[in-house]
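Each residue of the sequence shown is one higher than the last, beginning at 46 in this note's numbering.
Positions of the beta carbon are idealized from the N, C-alpha and C atoms, including for glycine.
What follows is a set of notes on a single structure, which appears directly below.
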Amino acid sequence: MTTATWLLLAAGLLVVLVLTWALWTLTRLRRLAGRVRRAREVLDVGLLRRAELAAALAREHAEDLGPELAGALAAAAAGARTPSAGDREAAENLVGRLLRRVPAGVLTPELQDAGMRVGLARRFYNDAVRDTRTLRRGRLARVLRLHAARPLPRYFDIDDGLDALLTSPGSGAARGVR
């Protein structure tokens, strides 16, 4: 075999490898897009559930909360269900801050559970977004413009208090246990 034949064979092998990698990456990106979509749906359901429970708490325990906190919580819950100007993160942060001011004896177990579920759903969603962004920002994926027509998914960052809970001195995360 001549040198030209070897070079042609190597170039053909390189093209096959790049095409195989591109196909694998496109499949992975499609799966990640589905994962992001499903995680966002779960997060939205959890946020709506938490807002409904917060509104119910403000209605049913207005005496225990006091008029100021009950009114603010009802207004924040209504704002979280239909955020103005599309700023859902700010509306959800307000609900979270107000819920942390609710006395422990008044906070219902359902609302505590909904808050924990929101925190976990946010983490799952942000993990899916991180994985998607990492794969799409790879050098070869950018050069080949894989999924370039789709917008990069955005992180959903709210202060839900879960990070402080999971990294508190008594938790396994603070001691390095996973």
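Where residue i sits in the DSSP three-state scheme
i      : result
Arg195 : coil
Leu53  : helix
Ala96  : helix
Thr177 : helix
Met46  : coil
Ala151 : Rather than Ala, the amino acid found at residue 151 in this sequence is Val. Of the three classes helix, strand and coil, the one that applies to Val151 here is coil, per DSSP.
Phe169 : helix
Ala107 : helix
Arg85  : helix
Gly124 : helix
Val222 : In this predicted model, Val222 has a pLDDT of only 43, less than 50, meaning its place in the structure is not dependable; the value taken from the coordinates is given anyway. It is coil, neither helix nor strand.
CB contact flag (residue i, residue j, <8 Å)
i      : j      : result
Ala122 : Ala103 : yes
Leu77  : Leu143 : no
Ala159 : Arg94  : yes
Val147 : Leu110 : yes
Leu156 : Ala107 : no
Residue from the options with nearest C-alpha to residue i
i      : options                         : result
Arg187 : Leu114, Thr48, Val174 and Ala67 : Ala67
Ala166 : Asp89, Trp69, Thr70 and Gly79   : Asp89
Leu191 : Thr72, Val174, Thr47 and Asp172 : Thr72
Tyr170 : Asp132, Thr65, Ala115 and Arg85 : Arg85
Leu185 : Thr50, Thr48 and Leu64          : Leu64
Ala96  : Gly150, Ala120 and Pro112       : Ala120
Nearest-angstrom beta carbon gap, residue j and residue i [assumed within contact, 8 Å]
i      : j      : result
Gly141 : Asp202 : Gly141 to Asp202, Cβ: 12 Å. No contact.
Val174 : Pro198 : 5 Å
Pro128 : Ala136 : 4 Å
Val81  : Thr177 : 6 Å
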